[in-house]
Structures are given as C-alpha cells and as structure tokens.
Amino acid sequence: MSQLTEQMGAALAAVRAQCPLVHHITNYVTVNDCANITLAVGASPIMADDIREAADVASVASAVVLNMGTLNERTVSSMLAAGKAANKSEVPVVFDPVGVGATALRNETAAAILKEVKPAVLRGNLSEIRFLAGLSAATRGVDAGEEMEDGMEGTIAMARALAEKLGCVVAITGKVDVIADAARAVTLANGHPMLSRVTGTGCMTTSLVASYCGAVADKLVAAACGILTMGIAGELAFARAGAQGTGAFRSAIIDAVSCMDAATLLGRAKLHEA
Amino acid sequence: MSQLTEQMGAALAAVRAQCPLVHHITNYVTVNDCANITLAVGASPIMADDIREAADVASVASAVVLNMGTLNERTVSSMLAAGKAANKSEVPVVFDPVGVGATALRNETAAAILKEVKPAVLRGNLSEIRFLAGLSAATRGVDAGEEMEDGMEGTIAMARALAEKLGCVVAITGKVDVIADAARAVTLANGHPMLSRVTGTGCMTTSLVASYCGAVADKLVAAACGILTMGIAGELAFARAGAQGTGAFRSAIIDAVSCMDAATLLGRAKLHEA
Amino acid sequence: MSQLTEQMGAALAAVRAQCPLVHHITNYVTVNDCANITLAVGASPIMADDIREAADVASVASAVVLNMGTLNERTVSSMLAAGKAANKSEVPVVFDPVGVGATALRNETAAAILKEVKPAVLRGNLSEIRFLAGLSAATRGVDAGEEMEDGMEGTIAMARALAEKLGCVVAITGKVDVIADAARAVTLANGHPMLSRVTGTGCMTTSLVASYCGAVADKLVAAACGILTMGIAGELAFARAGAQGTGAFRSAIIDAVSCMDAATLLGRAKLHEA
Numbered sequence: 046m047s048q049l050t051e052q053m054g055a056a057l058a059a060v061r062a063q064c065p066l067v068h069h070i071t072n073y074v075t076v077n078d079c080a081n082i083t084l085a086v087g088a089s090p091i092m093a094d095d096i097r098e099a100a101d102v103a104s105v106a107s108a109v110v111l112n113m114g115t116l117n118e119r120t121v122s123s124m125l126a127a128g129k130a131a132n133k134s135e136v137p138v139v140f141d142p143v144g145v146g147a148t149a150l151r152n153e154t155a156a157a158i159l160k161e162v163k164p165a166v167l168r169g170n171l172s173e174i175r176f177l178a179g180l181s182a183a184t185r186g187v188d189a190g191e192e193m194e195d196g197m198e199g200t201i202a203m204a205r206a207l208a209e210k211l212g213c214v215v216a217i218t219g220k221v222d223v224i225a226d227a228a229r230a231v232t233l234a235n236g237h238p239m240l241s242r243v244t245g246t247g248c249m250t251t252s253l254v255a256s257y258c259g260a261v262a263d264k265l266v267a268a269a270c271g272i273l274t275m276g277i278a279g280e281l282a283f284a285r286a287g288a289q290g291t292g293a294f295r296s297a298i299i300d301a302v303s304c305m306d307a308a309t310l311l312g313r314a315k316l317h318e319a
Numbered sequence: 046m047s048q049l050t051e052q053m054g055a056a057l058a059a060v061r062a063q064c065p066l067v068h069h070i071t072n073y074v075t076v077n078d079c080a081n082i083t084l085a086v087g088a089s090p091i092m093a094d095d096i097r098e099a100a101d102v103a104s105v106a107s108a109v110v111l112n113m114g115t116l117n118e119r120t121v122s123s124m125l126a127a128g129k130a131a132n133k134s135e136v137p138v139v140f141d142p143v144g145v146g147a148t149a150l151r152n153e154t155a156a157a158i159l160k161e162v163k164p165a166v167l168r169g170n171l172s173e174i175r176f177l178a179g180l181s182a183a184t185r186g187v188d189a190g191e192e193m194e195d196g197m198e199g200t201i202a203m204a205r206a207l208a209e210k211l212g213c214v215v216a217i218t219g220k221v222d223v224i225a226d227a228a229r230a231v232t233l234a235n236g237h238p239m240l241s242r243v244t245g246t247g248c249m250t251t252s253l254v255a256s257y258c259g260a261v262a263d264k265l266v267a268a269a270c271g272i273l274t275m276g277i278a279g280e281l282a283f284a285r286a287g288a289q290g291t292g293a294f295r296s297a298i299i300d301a302v303s304c305m306d307a308a309t310l311l312g313r314a315k316l317h318e319a
Numbered sequence: 046m047s048q049l050t051e052q053m054g055a056a057l058a059a060v061r062a063q064c065p066l067v068h069h070i071t072n073y074v075t076v077n078d079c080a081n082i083t084l085a086v087g088a089s090p091i092m093a094d095d096i097r098e099a100a101d102v103a104s105v106a107s108a109v110v111l112n113m114g115t116l117n118e119r120t121v122s123s124m125l126a127a128g129k130a131a132n133k134s135e136v137p138v139v140f141d142p143v144g145v146g147a148t149a150l151r152n153e154t155a156a157a158i159l160k161e162v163k164p165a166v167l168r169g170n171l172s173e174i175r176f177l178a179g180l181s182a183a184t185r186g187v188d189a190g191e192e193m194e195d196g197m198e199g200t201i202a203m204a205r206a207l208a209e210k211l212g213c214v215v216a217i218t219g220k221v222d223v224i225a226d227a228a229r230a231v232t233l234a235n236g237h238p239m240l241s242r243v244t245g246t247g248c249m250t251t252s253l254v255a256s257y258c259g260a261v262a263d264k265l266v267a268a269a270c271g272i273l274t275m276g277i278a279g280e281l282a283f284a285r286a287g288a289q290g291t292g293a294f295r296s297a298i299i300d301a302v303s304c305m306d307a308a309t310l311l312g313r314a315k316l317h318e319a
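Heads up: the sequence lines are chains L, B and D, in that order. Going by our numbering, the first residue of the first sequence is number 46, and it counts up by one from there. Going by our numbering, the first residue of the second sequence is number 46, and it counts up by one from there. Going by our numbering, the first residue of the third sequence is number 46, and it counts up by one from there.
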C-alpha cells in the first residue's frame, strides 16, 4: 500500500469522526442531493447564500463549495465574499465551474472567482477544465459527458499545468478521472455510465470532495477520496438498483455512500499513481 | 395504426437518438424532478435563469420550458427574454402556466408571456386552461386536480378554440387528457390518481413534452407523447410501488420513464382521435 | 384515553377530509420534500414567495409556514407580508427559525418575524429555541442535533415560559420532543436517530405541523400530531429501509406518512402529558 492509499484509507474515518461543516453556495437544481450526500458521507451541510451571512458562515466552516450550476447576480457576489472569507480563514474552497464555456456569464463568473478566490480544489468535467486551461472546448448542457480527445497523458499534463498555475488540486471527472497537483497525479477508473443519467452526480461529487477537504490535510487525497466515493457508490448502486431504472439508482447512490467503509473504498479502487 | 400513432411510436427513439437540450426556467420546488425526468426520457436538461444568459441558452437549446410554479421579478424577465430568443431561433417553447387564476401576479405574468412569446405547446390543468380561455376558473393550490364540468366535448372545443387563437398546441391534463391544435384533437385516458399525491408530476409532464418537442416536428405528436409517457409511467409505478407509499411511487415514476419503450407506450395507450 | 389523545386520534382524519392548503415560504434546499410530505399527510402545498403574491396566497391558505432555512432579502420581506396577512385573516402561522443563533442575519430575521407576526406554533431544535428564549446557544449547521443540558424539566419550563411570552405553542424537537403552551405541556419520545442523517426532516416536521394546524383548532394538538407523525414515520422507515442506507430511508419516510393511520399514531405514541 502506497503512502497515498494509506492516507485515503484513513480519510473516511476522519470525516465521520470530525463531521466537518460544509458550506455550500450552489444551484437550486441539485442542492437537496448535495445536502443528502454530505450527510451520507458523515459531514454536515449548511447552505447560506445571502451576502449578509455568506462570509460569516464560510469563515467558521470546515470547507466551502462554490458551484456555478445556476448563477445569478445575488449569489455570484455571495460566492466571491464566501470564497475570500474562506481564504482568509484558511478554510479550503472547492470550486465547481459548472457549464463554463457555455455562456459569457459563466466564463466571466469563473474568471472572477479564480481571480479573487484561491481554491483548494477545482473540480469539473473535461470540457470545463479544458476551457479554464485556455484550450478550446464546447460545453453542451451541464450533464453531458465527453470523451477525451488527446489521450490520458495529454489530460494529465493539462491538469498538472493548470494545478501549478492556480496553486491548487485540479480534478477532472469522466470515464477515467484525473486528479493532479503540481507535483503528483492519480487516475481513477471507477464509476458507472448510468451516473450521467442522474442529475447532480457531478455536484454531489464536489460536495464529497469538500467533505473530505474539511477533514483531511492533503487536498489531493481529499479530492481523490471524494471522487472515488462517488465512483464506487455508482458501481454499487448499479449492481443493486440499475435494472429498476434511474430513480431507484439515484436513491441507491445515497445509500451506498451512507454505508461506505474504507475496506470497500480501497478494495474496489482502480487507482493509478501517474 | 393511424398516422398519428405511427409518429408517436417513432418519437421516443428520436429523443434518445438526438438527446435534445431542454432549457428550463422553472420553479425551485420541482426543478430536480424536472431535470431527472428529462434525463430519464433521453434528453439533456439545462437550467439557466439569469437574464444575462437566459436568451443565449434558449437560442441554442432544442426546446425551452417556461414554468410559472414559483414566480419572482428576476425570473419573469428571464422567461420573457428566453421565450423571445427561442421564438427568433425557431426553438419550440412549452409554457406551463402553473397556478394561473390563483393570484393577480400569476394572471399578469401569464398574459405577458402569451403576449410576447408564441408557445409551441401550452400545457396546464383544466382550471388553468379554462382561465386562459377566458372562462371562470377557481384555482386552488397547484397540485389540485379538478373534475370537468362541461363534459369532454366542451373541453375539446375549448382546447381547439384556444389552440386556434394562440396558434399552438393546447394540452389539458386531468383524468382524461385533451391535446388539440386548430385542426386535430386527441384524448388520452392513461395515468393514475396517485400521480396527484406527488408534487411535480405536472411540471415533469411539461418537461417530457418539451423533450419530445426538441426531437419531433409535429408538436401535437410531441405533446401527446410527453403526456402519454407520464401517464403510463404512473400506471407502471403504481403497479410496482403504489402499495409502499408515495415516496416509492415517486421514485418508480422516474424508473418507468427511464425504462420506457415504444412498444409499451403504444400497447398501453388509451388514445382516442377526436 | 385522555382528551388530548382523543383529539390527536381524530386529527389525521380531519386533515385528509379537509385537505388544507398550506402556504410555504421556505428554503430551496428541502422545499421539494416539504411539498411531498404535505401531500403525503393529506394536505395541499403551495409555494409562493414573491412579495406581489405572498400576502394574497397567505390570506386564503389554511396555514402558513415561514421557514428560515435559506434567507435572502427578497424572501424575508415576503415572509413578513405573508405572516401579517395570515394573522389578519386568522390563518395559523408556523414559524421554523432554522439556524437562529448561527449568524447575525438569522438572529435579526427571527427577531423581525417574531416582532411583526404572531405564530400559532414556533418549532425548532433545542439550540434554536434556547437562543430565542434568550439563553446562550451555539448553533452549528442546521442539521445538527443536540443533547439537552439542563434536563427535561428545565426544557419544559423554558418552552412554557416562551410559549406564554409569545402567546403561541412552542415545539422543541430532539431525542425527546417538548410541546407546550402557557398551560399545558407534552413530551414525545418517538423518532429514530437516522432522521438526523437526512436533510429536511426538521423542515418536513414543520410542514406536517402546519398541515395539522390547517385542520385542527387546538394548535398544541396539531403540533404534537405533526411531530408524532414524523417520529413514527422515522421508526417505520428505519424498520423497513434503514439497513439499505439513507437514500432508501428518506423515501420510506414519505411512504410511511402517506400510509399513516390513526391507530398507528396512537398505538405507537410515546406521549407523556407533563
């Protein structure tokens, strides 16, 4: 067992022991799922997006999620305030730039957040991260997956370069996930295609990453644990409920996270240290 | 098999092949259900209600849902902008005037939308459509059903007249559904009373109608398919999970839509061409 | 059977016969669950938070929920308008001061609501009610439970004093629930710890209390019934689905409420008239 997997094995217990408070400023589409997955993994969610309390809550939280799923002027200001307050209090920020590349508003908002807030982890799908890395990307919808065009090595190199530029962990989720900081990179090949047929699995992954970030010092470990937890939950949920349909599958994802243990995480992990 | 049912039989495959992007400006109560049912039928949901991106998203979408379930100044402006952009780009708009007749705000908003935006399909329950047709109607709540007072023929005549006036398909859902344009009308007698005990089944029906509208040229066919898909899903969900309660039933609706096939749709349809 | 339990036994039938319209101004995290639990118990939910219709809807509703789960300027004004209109029309208001004690905004909002609106029932967890009673309380998150420090008698005394001061029923939910007005107090020892692992069980309890308030004259009876319904639903849901995980458990809560009957409520009630 490498040092990395050893740390990952201890992370879930750390979340459950510490019950980190995870402040979310997120979209109204999947917010309930984000709250339930945060509880399922053992953390405690709080959603507070008014400018008059966003910074207060962020500075006492264990981690902050900024998710661009549905934007409006009111919550963008609150995201900036919460993110800056979190930075000041050394509370890790996980940024999910949902749909960046799709509209000017999303591009401008992501740019503003990355200018004013230093995330601990940036998590997105390939097209979103490619866009932020300055490469061409066409984003279509927010639940769409995408095959990588330039091979795993190109993706890892892009993630590393962006991680170095932003000084954070970059996590790209897809068929194979890539999690990198300036020095390290891991890939994860867990998950199930049915996850793309349920809304919010990306947002929920971000909430899981933030839950681990609230309890684990090494943010690459935290990001990998969050993504692995969702991937394995998808596999278990498909095995138990996939044949019934996407409604039962969705509920079974939450079930699987709430019943997850470190042995399952490590035993099923298709992890590769690049 | 009539020409209509033949087209309906092909519609589900068209949705799944094309994966239309369905832009929703909708309420925060049932938005997650709308996203999941859109994915379940094979389309791709996007929710973007900020005025700075609503028109951009609408003009590249395959269909647009405007749902009045929860109104506020911010989203009403966005609905108008998205609707006009969709009209300009020939993207079909499905309008769900939730609760019209219940408050002055809802009446004014529905009037403004119908003045500035030309829907492809108007979908509501009987009291909502009666109100828009200028007949007296008392709307109570937003999940309430209502028996028709003036018989099926009166309802069909009203739907046809309103369809002609608005230049769109009018779809009235209830115990028996009526779908009409100026020239044609069909009734559907599928569904289950338990559907009225789950919030959002009306909103989800609208999302299904829009999903079909994004892939099928004939909007009467699209509207009938959307309503039929929900009705049969309700029947299948009741058979499988009704005895457990409304929580299991709700999840089973999504399951049934995600597993739906054309043979089930046509085989179970209680469709009558009026 | 005491007079109280006799009234409680009749309350569920009253809700189902009258189908009270329950107007909610609530948070976007758990609003869908609130709508579904309201339908499950036999009432009819309506969510309308725009200032231009909030008072109109409140004055024709059977009960009004004001829930502070996610605050913003827009909805705080609407809560005040709806609450005042409800008071004027003698529509009972159920106030859920979610997270009061956690931020200045929440403290000010709760104070403003209690200054301008007279609730029929105030429902919160112990830390929230302690804060409103002027005692020290540290609120951490919004889903956190808390052990009582000063024993059941102290809690009952606090609830009674606050009930007398506010002229309403005070309902404190926790491991043991306390429901009191100036003259009476009951405790309930139903429920299951897993309820704290699902978001919105507190909000749903408030919606249940309001559903009963819309059909039952004695608001202490209504509050006790709402809390008892959720507690027993939690027990039944755990028995049926707890081993699967928190996703299945959550769905089973709604199931249990939708299948609840008076015999189950009274037969399982661990009620003590203090």
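Each residue gets a CB set at the ideal place from its N, CA and C atoms; glycine is no exception. Since this is a predicted model, take the numbers as computed values, not measurements.
Going by DSSP in three states, residue i sits in which element: helix, strand or coil?
{"i": "L:Gln289", "result": "coil"}
{"i": "B:Val105", "result": "helix"}
{"i": "B:Asp222", "result": "strand"}
{"i": "L:Glu318", "result": "strand"}
{"i": "L:Ser89", "result": "strand"}
{"i": "D:Leu116", "result": "coil"}
{"i": "L:Arg168", "result": "strand"}
{"i": "D:Asp78", "result": "helix"}
{"i": "L:Ile96", "result": "coil"}
{"i": "L:Asp141", "result": "strand"}
{"i": "B:Val266", "result": "helix"}
{"i": "D:Val232", "result": "Strictly speaking, residue 232 of chain D in this sequence is Thr, with Val absent from that position. Residue state, collapsed to three classes: strand."}
{"i": "B:Val215", "result": "strand"}
{"i": "D:Val261", "result": "coil"}
{"i": "D:Val110", "result": "strand"}
Quick one: list the residues of chain B neighbouring residue i, beta-carbon separation under 9 Å, in chain order.
{"i": "L:Gly292", "result": "Asn81, Ala85, Ala282, Arg295, Ser296, Ala297, Ile298, Ile299, Asp300, Ala301, Val302, Ser303"}
Please confirm whether residue i and residue j have their CB atoms less than 8 Å apart.
{"i": "L:Ala278", "j": "L:Met305", "result": "yes"}
{"i": "D:Ala58", "j": "D:Val266", "result": "no"}
{"i": "B:Gly259", "j": "B:Ala88", "result": "yes"}
{"i": "B:Val110", "j": "B:Ser303", "result": "no"}
{"i": "D:Ile224", "j": "D:Ile174", "result": "no"}
{"i": "L:Gly54", "j": "L:Ala307", "result": "yes"}
{"i": "B:Ile82", "j": "B:Met239", "result": "no"}
{"i": "B:Thr218", "j": "B:Gly247", "result": "yes"}
{"i": "D:Val145", "j": "D:Ala108", "result": "no"}
In chain order, what residues of the same chain have a beta carbon less than 6 Å from the beta carbon of residue i, not counting five sequence neighbours either side?
{"i": "D:His237", "result": "Gly279, Glu280, Phe283"}
{"i": "D:Leu167", "result": "Phe140, Cys213, Val215"}
{"i": "D:Ile314", "result": "In the sequence as displayed, the identity of residue 314 of chain D is Ala instead of Ile. Same-chain partners within the cutoff: Leu273."}
{"i": "B:Val312", "result": "Note on identity: in this sequence residue 312 of chain B is Gly, with Val being the wrong assignment. Nothing meets the Cβ criterion."}
So residue i contacts chain B; which residues on that side make the cut at Cβ distance below 8 Å?
{"i": "L:Asn77", "result": "Asn77"}
Under 7 Å Cβ to Cβ from residue i, same chain only, skipping five residues before and after it: list those, please.
{"i": "L:Ala85", "result": "Ile299, Val302, Ser303"}
{"i": "D:Ala319", "result": "Ile201, Ala230, Val231, Thr232"}
Going along chain L, which residues have a C-beta under 7 Å from residue i?
{"i": "D:Val74", "result": "Val76, Asn77, Ala80, Met92"}
{"i": "B:Val102", "result": "Thr148"}
Take residue i and list the residues in its own chain whose beta-carbon comes closer than 8 Å to its own, dropping the five residues that flank it on each side.
{"i": "B:Ala126", "result": "Ile96, Ala99, Ala100, Ala103"}
{"i": "B:Leu310", "result": "Met53, Gly54, Leu57, Cys270, Leu273, Thr274, Ile277"}
{"i": "D:Lys129", "result": "Ala100, Glu161, Val162"}
{"i": "D:Ala183", "result": "Any answer about D:Ala183 is weak, because its pLDDT of 49 lies below 50 and its placement is not dependable; what the coordinates show is given next. Cβ neighbours of D:Ala183 beyond the five flanking positions: Gly146, Ser172."}
In chain D, which residues lie with their C-beta within 8 Å of the C-beta of residue i?
{"i": "B:Val243", "result": "Asn81, Leu84"}
{"i": "B:Asn117", "result": "Asp94, Asp95, Arg119"}
Identify the contact partners of residue i in chain B, using a Cβ-Cβ distance below 7 Å as the criterion.
{"i": "D:Arg97", "result": "Leu150"}
Shorter than 7 Å, the distance from the beta carbon of residue i to the closest heavy atom of the ligand ZN, or not?
{"i": "L:Gly236", "result": "The ligand ZN is not part of the structure shown, which contains no ligands of any sort."}
Which bits of chain D does residue i rub up against, with CB to CB less than 7 Å?
{"i": "B:Gln289", "result": "Asp300"}
Discussion item. Would you call the region 205-214 of chain D in contact with the region 151-167 of chain D, where contact means no fewer than 3 C-beta pairs closer than 8 Å?
Written reply: Verdict: yes, contact present.
Fill in: Contact the region 62-82 of chain B vs the region 112-121 of chain B: 3+ CB pairs below 8 Å
Touching, yes.
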